[in-house]
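Structure record follows, encoded as structure tokens.
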Amino acid sequence: MTSPVRAHDLILCLTPFGEPDAALAAAASAAGALGILDLGTGDRRSRDQLSRLRGAAPGPFGIRVTGRCALTPADLGGAVDTVVLTPDARWTTAELPPDQRVLAEVTDLGQARAAIRAGARGLIARGSESGGRVGELSTFVLLQQLLPEADPAGIPVWACGGIGPRTAAAAVAGGAAGVVLDSQLALLPESELPEGVRAVLRSLDGSETVVLGGHRVLRRRGPGAARPPADDPEAVAALLGAREPRGRLLPVG
């Protein structure tokens, strides 16, 4: 059996598109979920948003660290309850204090095994329906591969990708500790995404994404559309973001 999780761990709310958004993360925590601030590139704006979240969050909150983040664990300070690490993150579990829970995002069984060996206290099964870095397996197939590995170690697993009201219930019924929401939060009133990005999202019907360099992103055409080499994951990752829609790749699932 997996270890018990707290009530607010049933839904993890991650600020979408690799953008730090303190208002959205704080609102998620206030609503009874666990708000998680994506630290993005770790620039000044990321630091400012983390500082805002420390003052605004009514309870525990987390952060997400990817390979793009220039911050180090020493920059983190206190108050952070949960740290989500992506497979390409430069941070390691060993660098973080024991009172900060580490959840590892994984896209395959090999990554999950490595994360458990490294001391992760939970796994996030990021399925191919997700935005951003993905693998070949759908969320539910990946979840069913991870649970037999994680359960004996007492490691909870969250489902991420293609999550709606019905699929969330199905994931939990199938053994997940909870679910992760990210792009689903983008149009909430608390979201601070630019209006241009919000307008694009309102027009989508779910068929406009494509996988480039192992990343699911919004397919854009016309002048100003980013055109990285489709087989270069690093080039694609460098263009992810939502602050400047033109010339960027929106990691939406």
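With the first letter of the sequence shown counted as 1, position 213 gets the number 222 in my numbering; the numbers rise by one all the way through. By construction, the Cβ of each residue, glycine as well, lies at the ideal position given by its N, Cα and C atoms. This one's a predicted model, so the numbers in the text were calculated from it and none came from an experiment.
- By the Cβ criterion, the segment 47-56 is in contact with the segment 69-85, since at least three pairs of Cβ atoms, one from each stretch, lie closer than 8 Å.
- In its chain, beyond the 5 residues on either side, Leu43, Ala186 and Gly187 have a beta carbon closer than 7 Å to the beta carbon of Asp18.
- In this chain, Arg99 is not harboured by any beta strand (DSSP E), its DSSP state being neither H nor E.
- Between Val206 and Ala251, the beta carbon gap of about 5 Å places them in contact (Cβ cut-off 8 Å).
- Of the candidates Val150, Leu85, Ala65 and Ala159, Ala159 places its Cα closest to the Cα of Ala113.
- Around the C-beta of Thr148, 16 or more other C-beta atoms lie within 10 Å, and the residue is accordingly described as buried.
- For Gly262 and Gly222, the gap between their C-alpha atoms comes out near 15 Å.
- For Glu204, the uninterrupted alpha helix (DSSP H) run begins and ends at Glu204 to Arg211, by DSSP.
- Counting only the Cα atoms, Ala162 lies some 40 Å from Arg257.
- Relative to the Cα of Ala36, the nearest Cα in the group Glu145, Gly64, Gly131 and Val181 belongs to Gly64.
- Scanning Gly184, Arg211, Ala208 and Ala246 for the CA closest to the CA of Arg225 turns up Ala246.
- Here the segment 169-184 does not lie against the segment 202-216, with fewer than 3 beta-carbon pairs under 8 Å apart.
- About 6 Å separates the beta carbons of Leu46 and Thr24, which is inside the 8 Å limit, making them a contact pair.
- For Val261, there is no enclosing beta strand (DSSP E), as DSSP gives it neither H nor E.
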